[in-house]
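Residue numbers (the numbering used here): 7 to 732.
Shown next as structure tokens:
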């Protein structure tokens with residue numbers, strides 16, 4: 007379009023000079039009689055009017071109307087007072103137009119000094135120097151003041167007409183100066199506005215010119231870009247016949263432009279078969295005009311590559327579709343690298359997280375493991391079954407923490423033959439004991455279930471994770487089913503399922519009648535740290551860990567969910583020919599074994615920030631014959647030791663505590679008593695952390711959670727055998 011300049015902004019009219027009229031005059035003289043003379047000449051009294059009229063009639067040099075103009079007068083006897091008046095007038099917006107200034111005004115400032123100070127406040131002030139005698143000549147006064155255009159000399163005694171002329175002329179000069187200054191500012195503003203408009207117009211003109219030049223350059227370069235582009239650019243008509251095949255396509259697929267010309271793109275890149283993804287892509291291009299996504303494509307040497315495709319429908323001048331332009335990029339290597347990177351990041355994240363949660367989980371498990379040994383001796387025989395169930399699950403949880411740490415370090419769990427029904431029974435026992443009674447749990451074991459080869463702790467974690475998720479999907483209750491069945495997967499069925507292999511499988515099915523999973527989230531639930539639960543109620547690692555464990559066993563997971571109608575997870579694990587061996591039941595630790603480690607009233611200091619653990623450990627040690635003092639952090643522990651420094655035989659302390667941690671407290675204890683006996687308990691399993699504790703001279707290091715026997719044995723050893731190395 008032709009360039010057109012916008013209309014210029016209108017120039018505002020000049021201000022009215024009448025608005026700037028100012029007849030305010032300051033008289034500065036130390037003689038009150040002079041003040042009275044000026045008041046008569048320039049003031050408002052009738053006598054002055056009559057005198058001024060007579061003068062005008064005699065001399066005829068001023069119109070009588072002008073001579074009768076009234077001035078607003080102010081008076082000052084000294085320069086200091088004059089400065090105050092000028093400052094106050096400027097602050098109030100009622101500036102003086104001129105000053106009649108006496109030269110000699112002892113004992114203060116003289117007229118010249120006062121004038122300079124007044125100009126510092128109001129530079130536009132017009133000054134008339136009134137003098138009968140001066141120590142300085144006119145040249146010296148002008149040199150001292152430096153602004154001859156603002157200064158006039160009036161010799162005393164002065165003439166009335168001369169005073170009136172000066173008053174009229176200088177107040178008018180002041181008014182004209184203000185009007186000129188305003189006009190100058192308006193002119194400057196108008197010039198700036200016009201300049202901005204012209205610059206903007208010039209820039210628009212330059213931009214339009216550059217745009218036309220760039221368009222012409224783009225047309226010239228398009229042909230070169232098509233050939234030199236690294237992406238594969240393919241143009242095919244609506245039947246699939248290839249019309250354009252650039253060098254990028256040659257590099258990506260292997261066929262030259264001559265070989266590809268005239269061929270059908272469906273036959274060339276997709277082996278003549280239209281996959282579901284390809285059908286969806288073609289439909290999207292025809293209906294919406296464009297499509298973007300990923301497709302599996304074949305190369306000349308038979309390889310299958312993953313291509314990132316961007317397809318656009320090309321129309322003729324009448325708007326009728328005539329061809330499809332495809333820009334494809336081989337991202338096979340990128341996808342492989344992304345998969346490896348995601349796995350590495352996942353393992354790093356789990357490793358970082360595992361160290362943190364291990365400490366907290368071990369602190370939670372420690373009171374349970376300690377309390378079980380006391381319960382075995384105090385509870386009736388009818389309750390021992392429940393005690394053994396809790397103890398067994400605590401041991402399994404301990405093993406699970408260690409397993410997470412091992413898994414984070416890339417160590418595979420130990421594979422042993424497992425009976426699937428027995429594994430399901432263990433999960434059922436936990437669910438029935440801990441899940442809300444509003445959830446109707448059903449266990450459906452398989453008849454003659456095939457054994458499988460795996461890590462029981464890991465698979466236990468898989469099923470427990472799925473059951474916990476099902477529980478969270480049933481906030482108001484419902485049905486939760488855990489089923490076991492045998493399935494033989496054919497080659498055809500395995501080909502339809504990613505990561506599946508043909509053969510015999512044991513399938514664990516977890517079904518709930520809960521809220522279901524929205525379609526938009528079904529692909530995201532497997533991502534590490536993705537969770538739909540409230541903050542603090544889920545880490546987002548449950549399903550990610552579940553999928554990783556199942557895949558490490560050679561299996562896969564399927565999901566069927568409908569929003570509002572429940573969810574079904576099916577875990578497929580390859581069956582094994584190995585025969586499961588019943589696990590040996592550990593002999594209960596208690597009775598005479600623990601009685602042999604009974605204390606004899608020794609005083610023990612225990613320090614831990616976990617209140618439940620501290621309470622159980624205190625009760626356990628007291629039950630086995632020890633006296634106990636305690637603290638919930640290093641500072642409290644140090645205080646308790648100081649009060650009982652001669653009695654305490656040993657110190658049992660946690661390492662991670664608020665206020666003062668374990669290492670800091672141990673260092674302080676060693677200074678108080680280099681021979682203090684210390685047992686360190688820690689939920690951290692890092693080799694570096696263990697080595698740090700050893701360097702403190704700690705006699706024993708016990709990893710949480712530990713059995714009662716381990717603590718009693720460590721106490722017996724360090725109390726009776728001196729200080730053996732840890």
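Every residue gets a Cβ at the ideal spot worked out from N, C-alpha and C, and that includes glycine.
Quick caveat, the model's predicted, so the values are computed rather than measured.
If you check the CB distance, residue 277 and residue 311 do not come in under 8 Å. Rounded to the nearest angstrom, the Cβ distance from residue 579 to residue 613 is 45 Å, too far for a contact under 8 Å.
Under the three-state reduction of DSSP, residue 571 is assigned to coil, being neither helix nor strand. DSSP places residue 511 inside the beta strand (DSSP E), whose first and last residues are 509-518. The beta-carbon separation of residue 34 and residue 107, rounded to 5 Å, stays under the 8 Å limit for a contact. Of all alpha-carbon atoms in 165, 150, 172, the one lying nearest the alpha-carbon of residue 158 is that of 172. Secondary structure note for residue 146: it is in no beta strand (DSSP E), and the uninterrupted alpha helix (DSSP H) holding it is 144-151.
Annotation: residue 725 to residue 671 spans about 20 Å, alpha carbon to alpha carbon. By the criterion of at least three beta-carbon pairs nearer than 8 Å, the segment 553-568 is in contact with the segment 497-509. Contact between the segment 422-432 and the segment 451-461 is present: 3 or more CB-CB pairs across the two stretches fall below 8 Å. For residue 107, DSSP records a beta bridge to 34, 135. The residues 33, 41, in chain order, have a CB closer than 7 Å to that of residue 81 in the same chain once the five nearest residues on each side in sequence are set aside. Counting only residues of its own chain and dropping the five nearest sequence neighbours on each side, residue 515 has a CB closer than 6 Å to the CB of 489, 576.
Between the alpha carbons of residue 523 and residue 441 lies a distance of about 21 Å.
Taking the Cα positions, residue 334 is about 24 Å away from residue 326. Boundaries for residue 481: no beta strand (DSSP E) harbours it, and the DSSP string shows neither H nor E there.
In this structure, DSSP gives residue 529 a state outside helix and strand, which the three-state scheme calls coil.
From the listed residues 237, 348, 28, 245, the smallest Cα separation to residue 176 is found for 28.
Residue environment for residue 391: exposed (fewer than 16 other C-beta atoms within 10 angstroms of its C-beta). Of the other Cβ atoms in all chains shown, 16 or more fall within 10 Å of the Cβ of residue 467; this residue is therefore buried. Rounded to whole angstroms, residue 315 and residue 305 show a C-alpha spacing of 15 Å. The continuous stretches of beta strand (DSSP E) do not include residue 269, and DSSP gives it neither H nor E. The residues 665, 666, in chain order, have a CB closer than 7 Å to that of residue 641 in the same chain once the five nearest residues on each side in sequence are set aside.
Put simply, of 465, 437, 473, 435 the residue whose alpha carbon is nearest the alpha carbon of residue 426 is 465. In the DSSP assignment, no residue is bridged to residue 473. Rounded to whole angstroms, the gap between the alpha carbons of residue 569 and residue 527 is 11 Å. Residue 482 and residue 444 have their C-alpha atoms spaced approximately 7 Å apart. In the structure shown, residue 180 falls within a helical segment according to DSSP collapsed to helix, strand and coil. Secondary structure at residue 101: coil, using DSSP grouped into helix, strand and coil. When secondary structure is reduced to three states using DSSP, residue 523 falls in the coil class, being assigned neither helix nor strand.
Under the 10 Å beta carbon count, residue 616 is surrounded by 16 or more other beta carbons and is classified as buried. Counting along the chain, the unbroken beta strand (DSSP E) around residue 319 starts and ends at 310-321. A residue is called buried when at least 16 other Cβ atoms come within 10 angstroms of its Cβ; residue 517 meets this threshold and is buried. Cα atoms of residue 134 and residue 94: separation of roughly 21 Å, rounded to the nearest angstrom.
In the displayed model, residue 115 falls within coil according to three-state DSSP, outside both helix and strand.
Across the set 521, 500, 519, the C-alpha of 500 shows the shortest separation from the C-alpha of residue 511.
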